[in-house]
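Colleague:
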Ligand SMILES: Cc1cc2nc3c(=O)[nH]c(=O)nc-3n(C[C@H](O)[C@H](O)[C@H](O)COP(=O)(O)OP(=O)(O)OC[C@H]3O[C@@H](n4cnc5c(N)ncnc54)[C@H](O)[C@@H]3O)c2cc1C
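Numbering (my numbering), first residue to last: 2 to 214.
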């Protein structure tokens, strides 16, 4: 069901806000940054935090034949997979010394060019302890100044700015909990969910099938 909000799950019955209901043998809740609608108590105790990211889009620049997605060295600070690199602490220390605000706002820079030449520049990270809907222009300026150090574009004019919220766990790659037989919470993949989801899902599915067989 698209365009449907699930408001409750009880005895393997999914209740939708418009009154529809659907029974299922197995229900997996992947509600990501909505920590309030389903199982709010469990999610409040889960240690999941909401993280806000700011992003920008530029006017078109010339597009070469192949235009790969590019990530600067700052990006390496964000992923656990790079923590074992011998040079990681030195990189952290250098960023802290030279550009402390880049650290404070979790700025890393990545560039993805669209077919029409526009470039998406990302991003920053702030734990969303306040509920402010507003973006910080200081963060946008930091993203732009760090991007200009490593990428060359014909046009740096920003045409769109936006933010996104995701949920992440301080230690776990994903937060899992069984809520009743056949009903699992599975969320909080945070900044690595696009890359890891297929693997996480396959492993979890195998475990769940193993449980029932
Ligand atoms: C700016 C940004 C940059 C990122 N960069 C990377 C990256 O470089 N590499 C990487 O691996 N990952 C990255 N990620 C993370 C990745 O996008 C997420 O981890 C991934 O999208 C999570 O997938 P999901 O399906 O669990 O949640 P989502 O994609 O958030 O989908 C959850 C869906 O559930 C719906 N929903 C919630 N509650 C209900 C309800 N009660 N009823 C019905 N529907 C509901 C929501 O509307 C939403 O559509 C990035 C994320 C952002 C925001």
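A virtual CB, placed ideally from N, CA and C, is assigned to each residue, including glycine.
What are the boundary residues of the beta strand (DSSP E) that residue 57 is part of?
Modeller: 50–59
Colleague: If you count every other CB in all the chains shown that lies within 10 Å of the CB of residue 138, and 16 or more means buried, which is it?
Modeller: With fewer than 16 Cβ atoms within 10 Å of its Cβ, residue 138 is classed as exposed.
Colleague: Using the three-state DSSP reduction, which class does residue 112 fall into: helix, strand or coil?
Modeller: It is a strand residue.
Colleague: Does DSSP put residue 193 in a helix, in a strand, or in coil?
Modeller: helix
Colleague: Just to check, is the beta-carbon of residue 31 closer than 6 Å to a non-hydrogen atom of ligand 1?
Modeller: yes
Colleague: Spatial neighbours of residue 31 within its chain, please: CB distance less than 7 Å, with the 5 preceding and 5 following residues excluded, ordered by chain position.
Modeller: 187 and 188
Colleague: Starting from the C-beta of residue 45, find all residues in its chain whose C-beta is less than 8 Å away, skip the five residues before and the five after it, and write them out in chain order.
Modeller: 36
Colleague: Determine the DSSP secondary structure at residue 205, reduced to helix, strand or coil.
Modeller: Residue 205 falls in the helix class under three-state DSSP.
Colleague: Is it buried or exposed, residue 126, if we count other Cβ atoms within 10 angstroms and call 16 or more buried?
Modeller: buried
Colleague: For a test of the three-state rule: what should DSSP assign to residue 215, helix, strand or coil?
Modeller: What is shown of the chain runs 2 to 214, which leaves residue 215 out entirely.
Colleague: Going by the C-beta, is residue 7 closer than 6 Å to any heavy atom of ligand 1?
Modeller: yes
Colleague: Go ahead and pull the three-state DSSP assignment for residue 210.
Modeller: helix
Colleague: According to DSSP, is residue 161 part of a helix, a strand, or is it coil?
Modeller: If DSSP states are grouped into helix, strand and coil, residue 161 belongs with the strands.
Colleague: I'd like to confirm the pairing. Which residues does DSSP put opposite residue 123 in its beta bridges?
Modeller: Residue pairing by DSSP places residue 123 opposite 56 and 111 in a beta bridge.
Colleague: Short check: CB of residue 51 to CB of residue 34, under 7 Å?
Modeller: yes
Colleague: Taking 6 Å as the cut-off, is the CB of residue 192 close to at least one heavy atom of ligand 2?
Modeller: Among the ligands in the structure shown, ligand 2 does not appear; only ligand 1 can be found there.
Colleague: Do residue 183 and residue 13 have their beta-carbon atoms positioned less than 7 Å apart in this structure?
Modeller: Yes. Within cutoff.
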